[in-house]
Amino acid sequence: MPGIVAEELDLHVERGFGGGNPPRGNAGGGDDGRGGGRSIPRRAYITGITLAVAAIMMFFMALTSSYIVRKGTGTDWQAFGMPRVLWANTVILLLSSLTLEMARRQLARGEISAFRNLWALTTGLGLLFVGGQLVAWHQLRAAGVYLSTNPSSSFFYVFTAAHAVHVLGGIFALLFVAFRSWQRSRTTQAIGAEVAGIYWHFLDGLWVFLLLLLSLGR
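As numbered in this note's numbering, residues 2 to 219 make up the sequence shown, in order.
Rendered as structure tokens:
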């Protein structure tokens with residue numbers, strides 16, 4: 002669901018992209034009726050992203066249940082060495098959550114330049130994480146571990162690929178918040194950043210869970 006967060010950010014809002022930002026005194030948010038229409042309340046966006054997160058969680062919990070059952074019932078389960086780059090990727094993703102929150106604080110203070118720099122850093126860290134996942138997959142292939150090698154490797158590729166797709170969706174949401182023309186929107190950049198942040202932090206926690214599951218459940 003790569004576009005699900007962006008859809009929640011732009012709920013019933015006119016489309017359009019640009020580099021604009023809210024006025025300095027309005028960086029923290031509020032319903033000011035910009036764009037000539039009625040403002041959409043913050044709770045609508047929070048409800049939307051909460052439902053999206055719940056749906057994604059259910060998807061991964063279903064995969065987790067399948068993982069546990071398949072491992073316990075099959076005789077062809079073979080453990081393999083986890084690429085060490087995955088641990089570096091974890092640090093990168095957790096660091097991106099920190100920079101995202103720092104960016105949101107700067108936006109609330111009206112420090113637009115600092116917000117943009119930290120938000121761009123968060124986006125870059127997200128891209129670096131995806132790049133690290135590609136490195137991990139390359140290392141496994143070099144070691145002769147493929148999607149179809151055994152059930153253990155199959156689940157590893159499915160889990161990590163599904164998570165990476167959602168991270169790409171999160172990166173799209175970060176770019177959306179950075180480049181949308183918020184003066185023409187019926188909400189604020191601060192609310193957009195909050196919604197994107199909820200999704201991003203969820204992905205961080207989900208990755209830690211998946212890494213522990215794949216490491217301890219081998």
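Note that CB positions come from ideal geometry on N, CA and C, so glycine has one too.
Fair warning: this is a prediction, and the values are worked out from it, not measured in the lab.
Just to confirm the assignment, what range does the alpha helix (DSSP H) spanning residue i have?
i    : result
Q190 : Q190 to L217
I52  : It should be pointed out that residue 52 corresponds to Leu in this sequence rather than to Ile. Where L52 is concerned, the enclosing alpha helix (DSSP H) stretches over R43 to T74.
Do residue i and residue j have their C-beta atoms closer together than 8 angstroms?
i    : j    : result
L215 : T91  : no
V178 : A194 : yes
Y200 : A174 : yes
Q107 : L99  : no
A137 : V209 : no
S67  : R187 : no
G198 : L101 : yes
S97  : T123 : yes
T159 : Y46  : Reading off the sequence shown, one finds Val at residue 159, where the question assumed Thr. Contact: no.
V54  : F180 : no
A191 : A56  : no
L148 : P84  : no
W1   : N151 : Residue coverage of the chain in this structure runs from 2 to 219, which leaves residue 1 outside it and unanswerable.
I172 : G133 : no
R81  : V146 : A small fix is needed here, since residue 81 is Phe in this sequence, not Arg. A contact, by the Cβ cut-off of 8 angstroms.
G218 : K72  : yes
> Should the stretch 139-156 be called in touch with the stretch 113-129, which here means at least 3 C-beta pairs below 8 angstroms?
Replying inline: In short, these stretches do not touch, since the Cβ pair count stays below three.
> If you scan the stretch 101-181 from start to end, which runs of the alpha helix (DSSP H) of 4 or more residues do you find wholly inside it?
Replying inline: Within the stretch 101-181, the complete alpha helix (DSSP H) segments at least 4 residues long are 113-143 and 152-180, listed from N- to C-terminus.
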